[in-house]
Structure formats: structure tokens, C-alpha cells
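Residue numbers (this note's numbering): 6 to 662.
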Amino acid sequence: MTEASPDHLPPVLAGPVLRRVQARRIAWWLACSHTLTQLRVTLLPDGGEPTTHTPTVHTLRAGDHLAILLVELELDRDLDPGHWIGYRFDLAQADGTWTPLDDPALCYPGRDTPGLRFAPTVRALLHGSCRKPHHADGGDGLARADAHIEQLLGDATSHDLPWPSALVLSGDQVYCDDVAGPMLRAIHGLMQRLGLREEVIAGADGSEVRCTSDLLAHPDTYYRREQLLPRTPKSERLIDLVFEGVKKPIFTTDNAHNHLITLGEVLAMYLLVWSPLPWQGLDLSPPPGLSEENARRYAREARAIDNFRQGLGAVRRVLAHLPAAMVFDDHDVTDDWNLSREWEDVAYGHPFSRRVIGNALVAYLLNQGWGNRPEAFGGGALLDAVQAALDEPGGEAHDALIERLLHWRDWHYVWPTTPPLMVLDSRTHRWRSDRSPRRPSGLMDWEALTDLQQALRGHPAVLLVASAPIFGVKLIETVQRVFSFFGHPLLVDAENWMSHPGAASAMLNIFRHPKTPQTFVVLSGDVHYSFVYDVELRPRGRRQSPLADPAPSPHIWQICSSGLRNSFPDGLLDKLDHLNRWLFSPRSPLNRFTRRRHMKVTPRKPEGTPHGRRLLNGAGIGLVHFDERGAPVRIRQLLCDGRDVDFVPRESEARED
Numbered sequence: 006m007t008e009a010s011p012d013h014l015p016p017v018l019a020g021p022v023l024r025r026v027q028a029r030r031i032a033w034w035l036a037c038s039h040t041l042t043q044l045r046v047t048l049l050p051d052g053g054e055p056t057t058h059t060p061t062v063h064t065l066r067a068g069d070h071l072a073i074l075l076v077e078l079e080l081d082r083d084l085d086p087g088h089w090i091g092y093r094f095d096l097a098q099a100d101g102t103w104t105p106l107d108d109p110a111l112c113y114p115g116r117d118t119p120g121l122r123f124a125p126t127v128r129a130l131l132h133g134s135c136r137k138p139h140h141a142d143g144g145d146g147l148a149r150a151d152a153h154i155e156q157l158l159g160d161a162t163s164h165d166l167p168w169p170s171a172l173v174l175s176g177d178q179v180y181c182d183d184v185a186g187p188m189l190r191a192i193h194g195l196m197q198r199l200g201l202r203e204e205v206i207a208g209a210d211g212s213e214v215r216c217t218s219d220l221l222a223h224p225d226t227y228y229r230r231e232q233l234l235p236r237t238p239k240s241e242r243l244i245d246l247v248f249e250g251v252k253k254p255i256f257t258t259d260n261a262h263n264h265l266i267t268l269g270e271v272l273a274m275y276l277l278v279w280s281p282l283p284w285q286g287l288d289l290s291p292p293p294g295l296s297e298e299n300a301r302r303y304a305r306e307a308r309a310i311d312n313f314r315q316g317l318g319a320v321r322r323v324l325a326h327l328p329a330a331m332v333f334d335d336h337d338v339t340d341d342w343n344l345s346r347e348w349e350d351v352a353y354g355h356p357f358s359r360r361v362i363g364n365a366l367v368a369y370l371l372n373q374g375w376g377n378r379p380e381a382f383g384g385g386a387l388l389d390a391v392q393a394a395l396d397e398p399g400g401e402a403h404d405a406l407i408e409r410l411l412h413w414r415d416w417h418y419v420w421p422t423t424p425p426l427m428v429l430d431s432r433t434h435r436w437r438s439d440r441s442p443r444r445p446s447g448l449m450d451w452e453a454l455t456d457l458q459q460a461l462r463g464h465p466a467v468l469l470v471a472s473a474p475i476f477g478v479k480l481i482e483t484v485q486r487v488f489s490f491f492g493h494p495l496l497v498d499a500e501n502w503m504s505h506p507g508a509a510s511a512m513l514n515i516f517r518h519p520k521t522p523q524t525f526v527v528l529s530g531d532v533h534y535s536f537v538y539d540v541e542l543r544p545r546g547r548r549q550s551p552l553a554d555p556a557p558s559p560h561i562w563q564i565c566s567s568g569l570r571n572s573f574p575d576g577l578l579d580k581l582d583h584l585n586r587w588l589f590s591p592r593s594p595l596n597r598f599t600r601r602r603h604m605k606v607t608p609r610k611p612e613g614t615p616h617g618r619r620l621l622n623g624a625g626i627g628l629v630h631f632d633e634r635g636a637p638v639r640i641r642q643l644l645c646d647g648r649d650v651d652f653v654p655r656e657s658e659a660r661e662d
């Protein structure tokens, strides 16, 4: 790689991203072009006196001009709930003065600084998933969230509306396995500008590509990365797994042939999807040597990426104002990640794919996982191991860190809101099938489900974040199960909780347990359409006395918002929606042959859609308002076309049409 130049690099490349906020603690994430030796934070509450604090700054250097920071501020008094608190970062200079890191682009109209509102009792939250930069149809749900916050702050009629307690991002915040050519071009330009370090590529024996420089210079690095691996019997299966992953049986081939490989590529991707600043001055002209077909594809993708870039200022602004709770799904790492025991055997048995998966996990830790649960990673030893890996990508410390993260058990977390926000890890705690290595694994194993049940005990209500819907669209789940049984890729980007008998039974028993909450709100994404189900569990077994009342069913709402910048083929979704309604309506006898014989699932209607529709297609973000008990009182999807679509309970229509 060429030597980096710091010319024209802003001090802050991405962020600040507001992460976990508690009564006496605030955390921010930033990516900077140089190490900040000393930082202070000034809080500016409305109607109160400014206070200046010296936070704890954790810094990891990832390149000559890239430092990733987690800033933790501990307070000696509680934050005032509901009140606006502006904040400003100041940087120490060599002469002893302080320079404010001001950026008017981060501020809403009428405000001089970014800020936050501490909302420990959840009366509203925003949630979404699946943000693919080169999706050609629609805008960006995060930009739509920004417009909502601007309205809350600026419209006098909105002052009484609740402030979102969190921005929940439930998976596929980046697509490491599905990258447009212009995005990959930007990634490579940014890597060189920031001086990201050379990586020795694992498993490249017999290949022309042994390091980052070889990768960037190779003519097959755009749209033909599967050609970079040596053709051996072991690598042939791997090529099918990694580079053919998004060839869905009913969709056209997407961009898995641009799958990110090195750690530097993934780190650069995060900066480019969260901030407009790293894009400045990058050369996005087509790389030399593209075939005629790939040149046409590059031009199409360039238009989509240009549209994506236009919304990044709004994305950066909203991320600076709302506490962002994040969790991975498969595309944050690779398509169908840990789908089955066979998938794991192939992927982790080859040093190349093990490194590719590990690099995505390291980048996830730095850019997402760290801010979710700082105390899980801040003990020193793990961060020291991360820095050692960043110092020598491809070395022994790098492989040791990947080994450690592949066995990490603490990606899940709880935020102590009311109700608590419990975020599940449904990717690394898989319940593998004992019957066949090709059968899909359960999304959580027995130990993880037991831990979840213990965490739920004693809470009257809970907000449960599960990347894939626990209660999904039955017809689509059935088709998925058929394809995965025969070892084919998933029909669409969605897995379901009911595909593994043991995991499904254990999860339903958690809902039924008398000491777990009576109010469950399940927030999900993954599927590229949005829907809302009201779920009632039927009594099981015989009552001890014919006069005894059956145990009450918990109140369960399955709320799915997907995608932030993705959607389902509209004509296909319309057909599946209608067919699912006829085959698996609440009164359908077919439910007796599924796990729904023990429950009643009533879909809500997206208001303003054609008669009978239950699934909403279109990029946007979900907004849920809650009552004092933690139950939803209004469920909406804020679409990028400007519409606000309410999901309304219409049980009689749901049963009959």
C-alpha cells in the first residue's frame, strides 16, 4: 500500500455516535484521524449551568491516520430525565489551550451543539435493520429517523410527543458480503489515505494474493474475488460458501464476488456507511480492466451509491443524538453465518474463511459491540489483544484474537431501561442439529436460552431484540425450511426460530413460564418487509381442576421493521402475503400441523395498503410508542417516501379475508 498523507483529513472522520446512556454514565464512539491525547466534555443542559468533565478515553490505533475511540463519561449526579442536554468535545492543544470540535452539520436548527435527552422509561423507540448502501429503490431509514428527530425538536405541536429512548439497530448495519464496486473502490482509496496497515492473508498458499497490496492491485479484486483462491478440493467448497452466498434461488446474483476480505477493508466500510466526511476527495472512477458487463454494473451501482451518500449527513446527525443499541446479524459478518453444522465445519476449517469471518468480528467489536456493553470489553486484556492485532494484521496476535472472539460468549446485553431492553445474540450460540449437519441450527442453544429465562425472571415487561422474528410469516418460513433441508442457500435473507424443534420448544416455554414477564415486545428485522403480530399462547395440558382458571397468556407483540435501506421484490411479496393469509390465517386448520396449534397469531393491517395486505414493503424505520406498562399503544413504519404507516389491529378482517 502507498504511504498515507494526512492532508485535508478532518480530526473526526465519523461520529460522535451516542451509545449507552445511563443515569450517571454516557458513552460515545468516534473515529479520528489522529490520536486525541486529551479530551474534555462540556454538558450544556437547557436552563442549567454548563459543566466540564474529563472523561475516560479508550483509544485503539488502526492505522497511521485512524484511531477508534470510546469515550466514557462518569457523572457524580443523575441526569435529569426528559431534559435537553447539549454536549461539546474540546481537544487539548500543545500550548495548553482547548479547541472545540465544533461541527454545525451535527446540530439541529436552533441548536448550537448536538445533544441528548435521557429517557430511562421507554415511551418511544426507533428500530430497524438491513441497510444496504447500493439498494437502488428508496432512501435511507436512518435519514428518515433524523427527520423525525428534527420534527420533535422544531415543531411546537410535537413537543408533547415522547423522545425515543433508543435507536435499536437489529442487524445488517453493514454488508461485508455484498459490496458494490464503487463502494469497494471508495474503501480501497480510504484505506490508502488513512494508512491502514498491510495484512498477510491467511490460507493464500499457492495464490498470487498474499497481502493487502497484492489484493488491491490484482485485476480480479473487483467482481471476481473467488478467482483469487487457489483451486484445490478444499477451497472449491469454500468458494461456494463465501462467494456464492447471496445467490438466492429466485433472485439474480448480487455482489458476493466483492466480499470484503481484510480487516482494513471492513474498518473502512464502517466509516463510509456512517459519515459523509471520509468520502471527500475519493476517486470513484471505475477501476481499469472491468469487463463490459461489469462496467455497466459499476455505472448502475455508482448511481445508487451517490444516492446513499446524499443522506449521510442526516445519518451522522441522528446517530449523535439517540443512544444506539446495535447487534449483528449475518451480513455484518457473512451471508447465512453459522446457518448449520455443515456450514460451520466448512467455514471454520479453512484458514482463509476463518480469517474473513474473524476480521468482520474484530471490526464489529470495534464499531458496534464495544459501545453496547463497554464493561464487557474494558478490562484491559482484551483491548490490549485488539491493539496487538491492529499493530500487525495477519500476525500471530491477529489469529489469537480471532480465536478468542469466535468463542466469545458476551455479545448479548441488557440496557437498564424500564422495561429493560434485552438484546439477544442469535448468531454465535447456535443449537446444532444432531440429526443432520445440513439441517438449520436453532438460533440459540439450551444454555443461552436458560440464561435468558433467568434474566427475564421478575420483570413485568421486557423489550426483546431478536434479529430474526420469533413469530414470522409461516408460509415463507415453511419454504425456507424446505430449501435449507436440502442444503440450498436460504430463499431470502431470513432464518426462523421454529426451524429447530428443541430451540423452538424452549423459547415458547420461556414465554409461558409463570415467572417471566406478562408483557413481551419482540423487536426484529432481517426479512426486508415489515409486519406486526399480536400473539396469544393457548393453554397446554389439562387443568388440575375443571374450575381452575388456565394460566393467563402473556401479552406478546412481534414487531418487525425491515429494511432501513432494503426491500423485498414487491410482486413476489404480494403473492406470498395473499397465499400466507389463506393458508395460515388464525382460523386455518393448517395451523394444527405447525407450532401455531398452541397459539393464536393475529396480524395487524398496515393502514392505507390494499385490502387484505399484512406485510408492508419499503425502506424506512419503525417507531413504537408505549404506555406506562411497557405495552405498545401505537406502532408505525416511517417510510422513506414520506408516508407514516400505522399498523392497526383489525382482528375480524384478519380472520376472514
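Heads up, the beta-carbon is just placed ideally off N, CA and C, and yes, glycines get one too.
So what does residue i bridge to, in DSSP terms?
| i | result |
| --- | --- |
| valine 527 | Leu469, Gln563 |
| arginine 641 | Leu628, Asp651 |
| glycine 91 | Leu49, Gly120 |
| phenylalanine 536 | Cys565 |
| isoleucine 31 | Val26, Leu78 |
| histidine 63 | Leu75 |
| cysteine 37 | Val17, Ala72 |
| glutamate 541 | Lys605 |
| glycine 133 | Leu174 |
| phenylalanine 128 | The question names phenylalanine, yet the displayed sequence has arginine at residue 128. Paired residue(s): none; arginine 128 is not in a bridge. |
| leucine 44 | Leu96 |
| leucine 621 | Ser535 |
| tryptophan 103 | Ala97 |
| lysine 610 | Val653 |
| threonine 57 | Thr47 |
So residue i and residue j are in contact, right, with Cβ under 8 Å, and what is the actual spacing, rounded?
| i | j | result |
| --- | --- | --- |
| arginine 202 | glycine 68 | 6 Å |
| isoleucine 310 | alanine 185 | 6 Å |
| serine 438 | arginine 346 | 6 Å |
| cysteine 37 | leucine 74 | 6 Å |
| proline 119 | alanine 329 | Not a contact, Cβ separation roughly 13 Å. |
| threonine 217 | glutamate 204 | 5 Å |
| threonine 56 | leucine 48 | 5 Å |
| alanine 466 | arginine 634 | 6 Å |
| leucine 620 | tyrosine 534 | 5 Å |
Considering only their Cβ atoms, is the gap separating residue j from residue i smaller than 9 Å?
| i | j | result |
| --- | --- | --- |
| leucine 528 | serine 175 | yes |
| cysteine 181 | leucine 569 | no |
| tryptophan 416 | valine 332 | yes |
| arginine 321 | leucine 371 | no |
| lysine 610 | arginine 543 | no |
| arginine 360 | glycine 208 | yes |
| leucine 268 | leucine 166 | no |
| isoleucine 481 | tryptophan 562 | no |
| leucine 366 | proline 445 | no |
| leucine 78 | alanine 32 | yes |
| alanine 19 | tryptophan 279 | yes |
| leucine 376 | valine 22 | In the sequence under discussion, the amino acid at residue 376 is glycine, which differs from the leucine named in the question. Cβ atoms of glycine 376 and valine 22: closer than 9 Å. |
| aspartate 334 | alanine 473 | yes |
| tyrosine 228 | arginine 190 | no |
| leucine 199 | leucine 220 | no |
Taking the alpha carbon of residue i as the reference point, which residue from the options has its own alpha carbon closest?
| i | options | result |
| --- | --- | --- |
| isoleucine 173 | Asn312, Leu130, Asp182, Glu306 | According to the sequence as given, residue 173 is valine; it is not isoleucine. Comparing Cα positions, the closest option is Leu130. |
| arginine 302 | Asn263, Gly376, Asn372, Leu395 | Asn263 |
| proline 424 | Pro637, Asp145, Leu35, Ala152 | Pro637 |
| alanine 28 | Gly363, Leu289, Leu121 | Leu121 |
| glycine 52 | Val62, His88, Leu71, Leu23 | His88 |
| tyrosine 92 | His70, Arg116, Arg82 | Arg116 |
| glycine 625 | Gly133, Ala124, Leu581 | Gly133 |
| arginine 440 | Ala207, Ser504, Asp311 | Ser504 |
| tryptophan 587 | Gly617, Leu578, Gln563 | Gly617 |
| aspartate 649 | His70, Leu71, Asp142, Ala150 | Ala150 |
| aspartate 142 | Phe94, Phe631, Asn622 | Asn622 |
| leucine 410 | Trp451, Asn364, Arg443, Gly376 | Asn364 |
| serine 558 | His603, Asp579, Trp413 | His603 |
| aspartate 651 | Gly635, Thr614, Glu633 | Thr614 |
| leucine 265 | Asn312, Ile192, Asp288, Thr455 | Ile192 |
Could I get the ranges of all uninterrupted beta strand (DSSP E) runs contained in the stretch 293-364, with 3 residues as the minimum, in chain order?
329-331
Inside the stretch 186-217 only - alpha helix (DSSP H) runs reaching at least 4 residues
Within the stretch 186-217, the complete alpha helix (DSSP H) segments at least 4 residues long are 186-199, listed from N- to C-terminus.
Note down, one range per segment and in chain order, each beta strand (DSSP E) of at least 3 residues found wholly within the stretch 406-464.
For the stretch 406-464, whole beta strand (DSSP E) runs of length 3 or above, ordered along the chain, are 418-420, 426-428.
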